[in-house]
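J.: Below is a structure I'd like to ask you about.
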Amino acid sequence: MGFVTQLTLTESAARRVALIADKQAKPAVLRLAVDGGGCAGFTYRFALGEPEEGDTIAETSGVRLVVDPVSVDLLDGSEVDYVEDLGGAAFKVKNPNAASGCGCGSSFGI
């Protein structure tokens, strides 16, 4: 496991992960993965979890963002943010590898 700069967790997202982890008495580690499916081909999946062997790790303010080796190529250069707006509050991925997206913001194509 190594720390890298190809992934970014914003301060806003780090604060939100820390708050959720504290409420659930879990470590402040956000796991981001890519699954096949969704309206554009791939979907993002978020969960609290522990770093595992082979994970790529980014850290902001003591909060870790971890990505598995299978998903990391699709997420290289991505930024994870936490956004609150009229549509609600959610983690958002700004992914430079996504050639297309969808209206829901949680699905993308390459």
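According to our numbering, the stretch in the sequence shown is residues 146 to 255, in order.
From the three backbone atoms N, C-alpha and C, an ideal C-beta is built for every residue, glycine too.
#1: Compare the C-alpha of L237 against each of G207, L175 and E198 and name the closest.
#2: Please return the same chain residues whose Cβ sits closer than 6 Å to the Cβ of L154, not counting the five positions on each side in sequence.
#3: Pick from F191, V212 and G232: whose alpha carbon is nearest that of I165?
#4: So, at 8 Å on beta carbons, what are the nonlocal neighbours of K214 in its own chain, with the 5 sequence-adjacent residues on each side left out?
#5: Please classify L152: is it buried, with 16 or more other beta-carbons within 10 angstroms of its beta-carbon, or exposed?
#6: What residues match up with R190 in a beta bridge as DSSP calls it?
#7: So, is L177 buried or exposed, given that buried needs 16 or more other C-beta atoms within 10 angstroms?
#8: Buried or exposed: where does L231 fall if 16 or more other Cβ atoms within 10 Å of its Cβ makes it buried?
#9: Can you tell me which of the three DSSP states K171 falls into?
#10: Would you list the one or two residues that DSSP bridges to V215?
#11: Leaving out five residues before and five after L220 in sequence, what residues of the same chain have Cβ atoms less than 6 Å from its Cβ?
T.: Inspection of the coordinates gives the following:
#1: In the sequence shown, counting from the first residue as 1, residue 237 sits at position 92. The question names Leu, yet the displayed sequence has Lys at residue 237. Out of G207, L175 and E198, L175 has the C-alpha closest to the C-alpha of K237.
#2: Counting from 1 along the sequence shown, the entry for residue 154 is found at position 9. The residues are A203, T205, L210 and V225.
#3: Counting from 1 along the sequence shown, the entry for residue 165 is found at position 20. Nearest option by C-alpha distance: F191.
#4: Reading the sequence shown from its first residue, position 69 is the one you call residue 214. The question names Lys, but residue 214 is Pro in the sequence shown. Apart from sequence neighbours up to five positions away, the residues of its chain that approach P214 with a beta-carbon distance below 8 Å are G199, D200 and T201, ordered along the chain.
#5: Here the question's residue 152 lines up with position 7 in the sequence shown. Buried, by the Cβ-count rule.
#6: Your numbering for residue 190 matches position 45 in the sequence shown. Note: R190 sits in a beta bridge opposite A178.
#7: In the sequence shown, the residue the question calls residue 177 occupies position 32. It is buried - the Cβ of L177 has at least 16 other Cβ atoms within 10 Å.
#8: Within the sequence shown, numbered from 1, the residue matching residue 231 stands at position 86. Flag for L231 reads exposed.
#9: Within the sequence shown, the letter at position 26 stands for residue 171. Coil.
#10: As a position in the sequence shown, residue 215 is number 70, starting the count at 1. Beta-bridge pairing links V215 to no other residue.
#11: Working through the sequence shown from its first residue, we reach residue 220 at position 75. Within its own chain, the residues whose Cβ lies closer than 6 Å to the Cβ of L220, once the five positions on either side in sequence are excluded, are V212, listed in chain order.
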